[in-house]
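See below for the structure under consideration.
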Amino acid sequence: MKSRTSKYDSISLSKTFLPHALHLLLPIVLLPIVLLCLYLYPLYHTKSQTNELHYATVSPPPPPYSVNDIHKVDDPSCDYFNGKWIHDKTGPLYNGTTCVTIKESQNCITNGRPDSNYLYYRWNPTQCNLPRFEPNTFLQLSKNKHISFVGDSLARNQFESLLCMLSSLSKPKPVHHKGSHWWHFESHNATLSVYWSPFLVQGDARSKLGPSLNTIHLDRVNGKWEKDMDGMDLVVLSFGNWFNVPSIYYEKGLVIGCLNCSSYGLNYTDIGFYVPLRKALRKSLNRIIERRVGKRNEIGVIVRTFSPSHFDGDWDKSGTCSKKEPYENGEKEIGEMESEIRRVEIEEVENAKVKAREFGGVRFEVLDVTQLALLRPDGHPGAYMNPFPFKNGVPERVQNDCVHWCLPGAIDTWNEIFLEMMKKWELEGQQWSEL
Ligand SMILES: *[C@@H]1O[C@H](CO)[C@@H](O)[C@H](O)[C@H]1NC(C)=O
Ligand SMILES: *[C@@H]1O[C@H](CO)[C@@H](O)[C@H](O)[C@H]1NC(C)=O
Ligand SMILES: *[C@@H]1O[C@H](CO)[C@@H](O)[C@H](O)[C@H]1NC(C)=O
Ligand SMILES: *[C@@H]1O[C@H](CO)[C@@H](O)[C@H](O)[C@H]1NC(C)=O
C-alpha cells in the first residue's frame, strides 16, 4: 500500500479548521483551568466500582496522567497506517474476566480458543511509535463529551474493545436510550454510544427471516443516529461489509438499480455497490456538515476504512480462518474489492474536508485500518465464535467467524490509533489558543 501523502498531514488539517472567533477565545480563557484540572482531577472513583454489573476487581490504574503526555505525540503528522506487527510480551489490558461487556461470540478465550499467541503482537508504524492505550488519557480527553460509533457489527466490535480498555480504569454504567446503546463514565462525565446503522443511510438489512435483499435509500440518512447528531462531539463511522450482498437501491422512493437482484427474479439494472456505498457515505458526511452550520461546538468525524475478512474458502461454504500468526509484510496482497472500498472512503473524506472548509465546525480523519487488519488472519474468532466448538469431537460442519475480531485482540489497536488522533486534535486546539 502506498504511503499517505502530505494532504493528510496535520498542517492542512488545521488550515481546514480555521477556528471561529469562539474557538480562538475559549481556549485562551479555559486553558489554564483545563491544565489545572488535568493535574487535580480525581483519577477514578472507587464508588463506581460498586455498580450493579459486578465487575471483577482490576489492577490499580497507571500513574497520574500529565498534560505533558499530550505533547508526546511524537510526530503529529505520523502515518500510523504503514508498519508491521511485532511480537510484544506485554499482552492485553483486559480479558473476559475483567471485562463483562464482551459479546459472547467475540469472547474467544472464554469460548475455549486454545492458542494465545495472537494476543502478543503490537502494531509498529514505520515512521513513529504507537503508544500503548492509556485509558486515563482517553477519558481525560473525553471529559463532558459524547463519542458515538455508528455502523455495522464491526462498529460494535470496536466500541466494545474501547469499552473494555476503559473499564480497566473506570466502570461505566449503561444508560437507557431508545434505538442505541449508551454507556456513561461518571468519573469523567464521558458517554460512549453505538448505533446500529449498517448503511449509514436509511435501509433494511436482508435477513434470514425477512427480505432476502437489502433495501437501501441512498438519499436519506438513517434517522436513528441523525436525530442524535447534534449531541455528538465525536463520531466514528464504521461500515462497508453489508454493502456487498444483494441489494435494491432507492432515491426519492424510486428504484435506481440493484446489486445481483436478477437471481431474485428482479429486472433492475445492476449498478454494483461502489457507487451506492459512495453515495451513502457522501450523504452522511454532508448531513453532518450541514447540521453544524450555526452550531457552536465542534464535531470530529472519523471514517474507519474497510476491515478485510479472512475466510480460507468462501464464507458461505464453511470457510475457516485457521492461520495462527500474522502475515509478514508483502505476504498478503490486498484484494481488489477491499482496496476499492477503501479508496472510495478516503476520497469521500477528502471531498468532505473541502466542503467543510466553507462552513467550519467539523474535523475529518480517516482511521485507515485496512492494511493493518489485512495482516491479521489470526485475529478472528473462527470456530470460537461459539463456546467450545470441538468439545464433542470435530463436527462435520463448523460455523466460523472470520469477519469480526476476538476481544481482546488485534482490534484494540484501532483504538490506540483513535486515541492518537484525539491527542493530535487536542494539541492543535492548544496551538490555536497560543496564536
Ligand atoms: C484476567 O486478568 C486477571 C487480571 O490481570 C487475571 O488475574 C486473570 O487470571 C485473567 N483471566 C484469564 C482467564 O486470563
Ligand atoms: C456532561 O456531558 C454532557 C455531554 O455529553 C454535557 O452536555 C453536560 O453538560 C455535561 N455535564 C456536566 C455537569 O458538565
Ligand atoms: C452475484 O451472483 C452471482 C451468481 O449467483 C455470484 O457468483 C456473485 O458472487 C454475486 N455477486 C455478489 C456481489 O453478491
Ligand atoms: C428487463 O427490462 C428490460 C428494459 O426495461 C426489458 O427490455 C427486458 O425485456 C426485461 N427482461 C425481462 C426478463 O423481463
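Position 319 of the sequence shown, counting from 1, maps to 319 under the UniProt record's numbering, and the rest follow consecutively. Ideal Cβ positions, reconstructed from N, Cα and C, are used throughout, including at glycine.
Contact check for ASP378 and TYR195: beta-carbon distance about 30 Å, past the 8 Å limit, so the pair fails to qualify. Any heavy atom of ligand 2 within less than 6 Å of a residue's beta carbon puts that residue on the list, which reads ASN144, LYS145, HIS146, ASN189 and THR191.
A distance criterion of 8 Å places the beta-carbon of THR101 beyond contact range of ligand 1, judged by its closest non-hydrogen atom. A distance of 9 Å or more separates the beta carbons of SER322 and VAL403. The residue from LEU374, MET165 and PHE364 with its alpha-carbon nearest to that of ASN329 is LEU374. With respect to GLY382, ASP401 sits close: the two C-beta atoms are nearer than 9 Å. Considered as a whole, the stretch 106-156 harbours 121-125 and 146-151 as its complete beta strand (DSSP E) runs of no fewer than 3 residues, in chain order. For GLN371, the enclosing alpha helix (DSSP H) starts and ends at 370-374. Ligand 1 has a heavy atom closer than 8 Å to the beta-carbon of ASN95. Beta-bridge partners assigned by DSSP to ASN214: SER247.
Within the same chain, Cβ atoms closer than 7 Å to the Cβ of LYS143 are found at HIS188, ASN189 and ALA190, the five residues on either side in sequence being excluded. Note that the C-beta distance between PHE418 and LEU169 is not below 9 Å. Look at TRP425 here: in three-state DSSP terms it is helix.
Within the same chain, ILE248, TYR249 and TYR268 come within 8 Å of VAL255 by CB-CB distance, once the 5 residues on both sides are set aside.
C-alpha of ASN107 to C-alpha of SER153: approximately 15 Å in a straight line. Secondary structure of LYS283 (DSSP, three-state): helix. With contacts defined as CB atoms closer than 9 Å, LEU285 and ASN351 qualify as a contacting pair. When the alpha-carbon of MET421 is set against those of SER180, ILE86 and PHE138, the nearest one is in PHE138.
Not a single heavy atom of ligand 1 lies less than 8 Å from the C-beta of THR320. No Cβ-Cβ contact shorter than 9 Å links PRO387 with LEU93.
For ARG343, the enclosing alpha helix (DSSP H) begins and ends at 336-359. Excluding the 5 residues flanking it on each side, ASP219 has same chain C-beta neighbours closer than 7 Å at GLU251, LYS252 and LYS283, in chain order. Looking at THR370, VAL369, GLU325 and GLY257, the one whose alpha-carbon comes closest to that of TYR121 is GLU325. If you draw a 10 Å sphere on the C-beta of ASP228, you find 16 or more other C-beta atoms in it, and that means buried. Straight through space, the alpha carbons of GLU134 and THR126 are spaced by roughly 21 Å. Sequence-distant partners of LEU259 (beyond 5 residues in either direction) whose C-beta falls short of 6 Å from its own C-beta, in its chain, are PRO246, SER247 and PHE273.
Secondary structure of VAL394 (DSSP, three-state): coil. When beta bridges are read from the DSSP output, LEU367 appears opposite ARG304. Going by DSSP, LYS224 is part of the alpha helix (DSSP H) stretching over 223-226.
In the structure shown, the three-state DSSP call for CYS164 is helix. For the options GLU336, ILE346, LYS332 and THR370, the alpha carbon positioned closest to that of PHE306 is the one of THR370.
Membership of TYR264 in any beta strand (DSSP E) is not indicated, and neither H nor E is assigned to it by DSSP. Bounds of any beta strand (DSSP E) do not take in GLN399, whose DSSP letter is neither H nor E.
PHE273 sits in coil when the DSSP states are folded into three classes, being neither helix nor strand.
An exposed status is given to ASN392, since fewer than 16 other beta-carbon atoms sit within 10 Å of its beta-carbon.
Residue environment: SER263 is assigned as exposed (fewer than 16 neighbouring CB atoms within 10 Å of its CB, all protein chains considered).
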